[in-house]
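To start, the structure under review is shown below, and the notes come after it.
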Amino acid sequence: MSDVTLDVNGETHTLDVDSSTPLLYVLRNDLGLRGPRFGCGLSQCGACTVLVDGVARRSCTLPVSRVDGEITTLEGLSGDGELHPVQQAWIDDQVPQCGYCQNGQILTAKALLDRNPNPTDEEIRQGMNGVLCRCMTYYRIQAAVRHAADAMAADASGSGPAREEVIR
Ligand code: FES
Ligand code: FES
């Protein structure tokens, strides 16, 4: 066991844990953050995704000692009581079915839009294709990412949101 310091959602935590422990276990079991989910445990499904310095990372296989940046979990995405535009789009488009994968979908979408604020549908599919959904919500995810991009662009320009018809 050793002391590991993590910056999570704007707070610093020092924990006495085995340095090889996957970040996912520390977030869920030690810090009580239930946003990241255990799916495959093999970096295959994306359910455990968190952001490390804004980059989507799979926390189920990331040793806690190798984390070298600010961690954002789903719990840290909203600020000052305001949902992030990606979260709002997910609600407006009623994306989830069972919901199990949606932590990974939302955080991956956030990272995608941060690096590409105006993706094409093909770029959305490519950017999201490593996050699996057994409920096949992929078309609603694609629509919600588009709507979140539009909302973020409208926020940036100071104009109101302009929503297209939602494709379900
Ligand atoms: S639980 Fe981490 S990728 Fe599946
Ligand atoms: S909503 Fe059920 S796994 Fe994606």
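Quick note: to get this note's numbering, add 2 to the position in the sequence shown (first position is 1). Just so you know, even glycine gets a beta-carbon here, dropped at the ideal spot from N, CA and C.
Three-state secondary structure (DSSP) of residue i
i, result
"I126", "helix"
"R60", "strand"
"T74", "strand"
"T139", "coil"
"V69", "coil"
"T110", "helix"
"P24", "strand"
"L33", "coil"
"D55", "coil"
Residue i beta carbon near ligand 2 (any heavy atom closer than 7 Å)
i, result
"T139", "yes"
"Q104", "yes"
"Q96", "no"
"G101", "yes"
"R142", "no"
"R136", "yes"
Cβ-heavy atom distance, residue i to ligand 1, below 7 Å
i, result
"A58", "no"
Problem - Around ligand 1, Cβ to any heavy atom closer than 7 Å, ordered along the chain - result: L26, R39, F40, G41, C42, G43, L44, S45, Q46, C47, G48, A49, C50, R60, S61, C62, T63
Handout entry: the stretch 63 to 74 in contact with the stretch 10 to 25 per 3-pair CB rule at 8 Å
Key = yes
Handout entry: the stretch 54 to 68 contacting the stretch 84 to 101, beta-carbon criterion three pairs below 8 Å
Key = no
Practice task
Take every Cβ of the stretch 119 to 128, pair it with every Cβ of the stretch 50 to 59, and state whether three or more of those distances are shorter than 8 Å.
Solution key: no
Problem - Inter-stretch contact (C-beta, 8 Å, three-pair minimum) for the stretch 105 to 113 and the stretch 84 to 93 - result: yes
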